[in-house]
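Chemist: Here it is, the structure in full.
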Amino acid sequence: MYTLLHGLYKYLVQKDEYFILILGLDNAGKTVRNQKSLDNLWLSMNPSKITTTVGLNIGKIDIAGVRFNFWDLGGQEELRSLWDKYYAESHAVIYIVDSSDREKISESKETFDRVISSEHLIGVPLLVLANKQDVPDCMGVREVKPIFNQNAHLIGRRDCMVMPVSALNGTK
Ligand code: G3D
Ligand code: MG
Numbered sequence: 002m003y004t005l006l007h008g009l010y011k012y013l014v015q016k017d018e019y020f021i022l023i024l025g026l027d028n029a030g031k032t033v034r035n036q037k038s039l040d041n042l043w044l045s046m047n048p049s050k051i052t053t054t055v056g057l058n059i060g061k062i063d064i065a066g067v068r069f070n071f072w073d074l075g076g077q078e079e080l081r082s083l084w085d086k087y088y089a090e091s092h093a094v095i096y097i098v099d100s101s102d103r104e105k106i107s108e109s110k111e112t113f114d115r116v117i118s119s120e121h122l123i124g125v126p127l128l129v130l131a132n133k134q135d136v137p138d139c140m141g142v143r144e145v146k147p148i149f150n151q152n153a154h155l156i157g158r159r160d161c162m163v164m165p166v167s168a169l170n171g172t173k
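Under my numbering, the letters of the sequence shown match residues 2 to 173, in that order.
Now the structure itself:
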């Protein structure tokens with residue numbers, strides 16, 4: 002009986018919890034983006050504070066009993082090898098692109114392709130944010146989208162969206 006009641010109690014109070022990875026090359030705007038989103042939600046959602054450890058920022062938001070955990074991983078080359086340790090537990094990936102950096106766009110795209118090739122991310126929805134849209138002469142979403150869609154077979158049937166944003170001024 003105790004086990005039954007305990008199970009019922011756990012069922013009633015359990016929270017749905019999702020883990021969302023924020024990836025992208027170093028300097029793409031991952032941390033600004035993460036904190037901005039959380040700041041915007043802060044007013045109404047009262048998320049717990051963002052905690053920072055070496056190479057990893059964690060943000061948590063509770064919305065209507067559902068907890069969203071954002072993991073912002075370091076984008077430096079030496080830290081990218083750690084990304085796949087987080088894939089198996091992830092429910093979504095937000096990939097940040099520096100739209101003002103034409104020199105690094107192919108490295109960013111190749112890194113994205115490596116991420117989405119992981120067997121642990123099969124079926125996981127992908128959101129590509131073409132960040133730094135406030136920078137004059139940056140690549141617009143019309144330019145970024147075809148680049149990230151080049152290997153459409155890697156994206157496969159999962160949901161994938163490319164959106165123009167500016168983390169700095171909080172616009173999308
Ligand atoms: P990262 O976490 O992906 O490495 P950061 O990147 O969030 O630390 O941002 C890297 C730099 O890009 C920061 O500049 C940040 O202010 C800037 N940045 C991020 N998003 C935007 C944006 O939308 N527009 C512009 N113009 N700049 C942005 P600093 O100078 O602080 O290193
Ligand atoms: Mg960062």
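Ideal placement from N, C-alpha and C gives every residue a C-beta, glycine not left out.
Computed from a prediction, not measured in an experiment: that's the story for all the values here.
Under three-state DSSP, which class holds residue 93?
Modeler: Correct three-state label for residue 93: strand.
Chemist: Going by the DSSP bridge assignment, what does residue 72 pair with across the sheet?
Modeler: For residue 72, which the question treats as bridged, DSSP gives the partners 22, 59.
Chemist: Among all residues, which have a Cβ less than 7 angstroms from at least one non-hydrogen atom of ligand 2, and in what chain order do they fall?
Modeler: This selection yields 31, 32, 58, 73, 75, 76.
Chemist: To which residues of the same chain is residue 80 closer than 6 angstroms at the C-beta, ignoring the five residues directly before and after it?
Modeler: Same-chain partners within the cutoff: 56.
Chemist: Measure the C-alpha to C-alpha separation of residue 1 and residue 98 and round it to an integer number of angstroms.
Modeler: Outside the displayed range of the chain (2 to 173) lies residue 1, so it cannot be described from this structure.
Chemist: Nearest CA to the CA of residue 155: which residue from 29, 69, 123, 30?
Modeler: Checked all of 29, 69, 123, 30; the closest Cα to residue 155 is 123.
Chemist: Nearest-angstrom Cα distance between residue 5 and residue 20?
Modeler: Approximately 29 angstroms between the Cα atoms of the pair.
Chemist: Output yes or no for whether 8 angstroms exceeds the beta carbon distance between residue 169 and residue 105.
Modeler: Result no, Cβ atoms of residue 169 and residue 105 do not sit closer than 8 angstroms.
Chemist: Tell me whether residue 98 counts as near ligand 1, meaning its Cβ is closer than 7 angstroms to at least one heavy atom of that ligand.
Modeler: Not under cutoff, so the answer is no.
Chemist: Contact defined as beta carbons within less than 8 angstroms: I believe residue 100 pairs with residue 131. What is the distance between those atoms, to the nearest angstrom?
Modeler: Contact flag correct, Cβ pair sits at about 5 angstroms.
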